[in-house]
Amino acid sequence: MSAVPLRSNKAAASAVRSVTVLGATGSIGDSTMDLLRASRDRYRVEALTGHTNVQGLAKLAKEFGARFAAVADPARFTELKEALAGTRIECGAGESAVIEAAARPAEWVMAAVSGAAGLKPALAAVDRGATVALANKECLVCAGDFFMERAAKAGACILPADSEHNALFQALGSGNREELIRVIITASGGPFRTWASADIEQATLAQALKHPNWSMGQKITIDSASMMNKGLEVIEAAYLFALKPDEIDVLVHPQSIIHGMVEFSDRSVVAQLGAPDMRTPIAHCLGWPDRITGPAARLDLAKIGQLTFEAPDFQRFPGLRLAYDALRTGRGATTVFNAANEVAVAAFIAGQIRFGAIARLVEATVEDWIRSGNLAPLTSADDAIAVDHNARKKAATLLPQIALKAS
Ligand code: NDP
Ligand code: MG
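Everything in the sequence shown is counted per my numbering, starting at 25 for the first residue and increasing by one.
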């Protein structure tokens, strides 16, 4: 049985629902808190987590009367404790405290930690059979089939919060698995959609952070500029919906109005549309299996006038090709792909490598991994975490030579 429920059975209780937000201080966390703020009577906040932003976390915890607040940075425990002094909010610090936040008994959990650091907390929520709105794509890319198997075993319900996957989730209910031909996830193309390779190679951090349509955290915004984000999303779709690489297409759609489409055997293509605002897919997850009122702007297609589409360019955006390759290779290759990309993005932010070198570092790391005979199926979270750890080390050792090499 799949952990993603493809058809809704409208049995939702109208009682107050307990919720936990992992990564509450981030961009997805902010959108989630916005939705919770608008329906205070429907939701009770169990736990909230952050990484270093203690003051932001404490402010949210007080505003929502959370029972528990956790900061991932262990050095910030005292600061958090002081910020929550005089309240009845329990608190903790370090990775184990974030895991504890996820393990506490909230019915609905938003998994919006960024990067592979989100894996263990997401698993803690999955293991107790919670409904998990999954924004953290890296944890799926890192743990692959294993994550979904564990969710299915625990009876957890995974609701895709990433906009494209949420669109597919909504469209997939129109038919059965046997009737599905392919899914199409759209991509805005990012700020470098029309740039020549030589200019992409030299792009600055400020240019990479200027996303044309979406307002998001730093890591995912850079991933959007390199189209690594779309690559991660292809892998995410494969694991979430048990799809083969050939069943997933990417379509560049600069307006970001259509988020995902599903083609069925009768040649019907079912799409989900909406303004590019993450509060819409998050609202879908929060209300599911009902629908709640979303705060995003209503779609005015007459005003937008035109929706345009282009095929993705695998030459100028090699990250996309590398993602398909890693997915086809399997046996930990997507974990290596993700780990190397995280190292590469951090190095780009730190000014150690050029923008164009991000994909080169990912390619070199995956190639080295395969050449060294390291591919093996992942059978546990520890497996995935060990591969992630070793691939980061490998990427770090390859970094200096990639930094020196011109394109
Ligand atoms: P942000 O960088 O804005 O926020 C990340 C959150 O995770 C913050 O709360 C941050 O805390 C916390 N965090 C960071 N590192 C750690 C760590 N090591 N341990 C525990 N917590 C940590 O990211 P986004 O909100 O943009 O993205 C979150 C996830 O959602 C990512 O996986 C991204 O790919 C995915 N996503 C995001 C979308 C978007 O529109 N933003 C769209 C679709 C998916 P602090 O604030 O204290 O640093
Ligand atoms: Mg997305």
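For every residue, glycine included, the Cβ atom is placed at its ideal position computed from N, Cα and C.
Under the assumption that residue 306 contacts residue 59 (Cβ atoms under 8 angstroms), give the Cβ distance between them as a whole number of angstroms.
Here residue 306 is taken as the residue at index 282 of the sequence shown, counted from 1. Here residue 59 is taken as the residue at index 35 of the sequence shown, counted from 1. Your pair residue 306 and residue 59 checks out as a contact, with CB atoms roughly 6 angstroms apart and the cut at 8 angstroms.
Top-ranked residue by Cα proximity to residue 348, from 368, 267, 316, 422
Along the sequence shown, read from residue 1 onward, the residue named residue 348 stands at position 324. Checked all of 368, 267, 316, 422; the closest Cα to residue 348 is 267.
Flag this pair as touching only if the segment 315-325 and the segment 159-174 have three or more C-beta atom pairs under 8 angstroms; answer yes or no.
Short answer: they don't touch.
Distance check for residue 420 and residue 206, CA to CA, integer angstroms please.
As a first step, residue 206 must be located in the sequence shown, where it is residue number 182. As a first step, residue 420 must be located in the sequence shown, where it is residue number 396. Approximately 37 angstroms between the Cα atoms of the pair.
Look at the alpha carbon of residue 40 and the alpha carbon of residue 67, and state the distance between them as a whole number of angstroms.
As a position in the sequence shown, residue 40 is number 16, starting the count at 1. As a position in the sequence shown, residue 67 is number 43, starting the count at 1. Spanning the two alpha carbons is a distance of roughly 5 angstroms.
The beta strand (DSSP E) that contains residue 74, what's its start and end?
Here residue 74 corresponds to residue number 50 of the sequence shown, with the count starting at 1. If you look at residue 74, you'll find it in the beta strand (DSSP E) that goes 67-74.
Is it right to say residue 416 is buried, meaning 16 or more other beta carbons lie within 10 angstroms of its own, or is it exposed?
Here residue 416 refers to the residue found at position 392 of the sequence shown. By the neighbour-count criterion, in which 16 or more other beta carbons inside 10 Å mark a residue as buried, residue 416 falls on the buried side.
How far does the beta strand (DSSP E) with residue 132 in it reach, from first residue to last?
Within the sequence shown, residue 132 is the residue found at index 108, counting from 1. From DSSP, the beta strand (DSSP E) with residue 132 extends over 132-135.
Measuring only the C-alpha atoms, how far is residue 369 from residue 126?
For the purposes of this step, residue 369 is taken as the residue at position 345 of the sequence shown. For the purposes of this step, residue 126 is taken as the residue at position 102 of the sequence shown. Rounded to whole angstroms, residue 369 to residue 126 spans 27 angstroms at the Cα level.
In chain order, each alpha helix (DSSP H) run of at least 4 residues that lies wholly inside the segment 326-362
Runs of the alpha helix (DSSP H) inside the segment 326-362: 342-353.
What residues come near the ligand MG, if near means a beta carbon less than 6 angstroms from any of its heavy atoms?
Qualifying residues come out as 186, 187, 188, 257.
Whose C-alpha, out of 44, 219, 242, 110, is nearest the C-alpha of residue 146?
For the purposes of this step, residue 146 is taken as the residue at position 122 of the sequence shown. Its Cα nearest to that of residue 146, the residue 44 stands out among 44, 219, 242, 110.
Does the distance between the C-beta of residue 243 and the nearest non-hydrogen atom of the ligand NDP fall short of 7 angstroms?
As a working note, residue 243 is residue 219 in the sequence shown. It does: the Cβ of residue 243 is within 7 angstroms (strictly closer) of some heavy atom of the ligand NDP.
Host alpha helix (DSSP H) of residue 174 (start-end):
Here the question's residue 174 lines up with position 150 in the sequence shown. Per DSSP, residue 174 belongs to the alpha helix (DSSP H) from 161-178.
Using C-beta distances below 6 angstroms, list every residue in its chain close to residue 33, excluding the 5 sequence neighbours before and after it, in chain order.
Position 9 of the sequence shown, counted from the start, is the residue given in the question as residue 33. Confidence in residue 33 is poor, its pLDDT being 49 and thus under 50, which makes the residue's placement too unreliable to answer from.
Is it buried or exposed for residue 185, if we count other Cβ within 10 angstroms and need 16 for buried?
For the purposes of this step, residue 185 is taken as residue 161 along the sequence shown, with counting starting at 1. A residue is called buried once 16 or more other Cβ atoms fall within 10 Å of its Cβ, and residue 185 is buried on that count.
Name the two residues that bound the continuous alpha helix (DSSP H) containing residue 435.
What the structure shows of the chain is the stretch from 25 to 431, and residue 435 is not part of that stretch, so it cannot be assessed.
Would you please state the rounded distance, in angstroms, between the beta carbons of residue 153 and residue 180? I believe it to be under 8 angstroms.
For the purposes of this step, residue 153 is taken as the residue at position 129 of the sequence shown. For the purposes of this step, residue 180 is taken as the residue at position 156 of the sequence shown. By a beta-carbon distance limit of 8 angstroms, residue 153 contacts residue 180. Their separation comes to about 5 angstroms.
Going by beta-carbon coordinates alone, are residue 94 and residue 62 separated by less than 8 angstroms?
In the sequence shown, counting from the first residue as 1, residue 94 sits at position 70. In the sequence shown, counting from the first residue as 1, residue 62 sits at position 38. Contact: no.
Going by CA-CA distance only, name the one from 204, 221, 241 that's closest to residue 160.
In the sequence shown, residue 160 corresponds to position 136, counting from 1. Nearest C-alpha to residue 160 among 204, 221, 241: 241.
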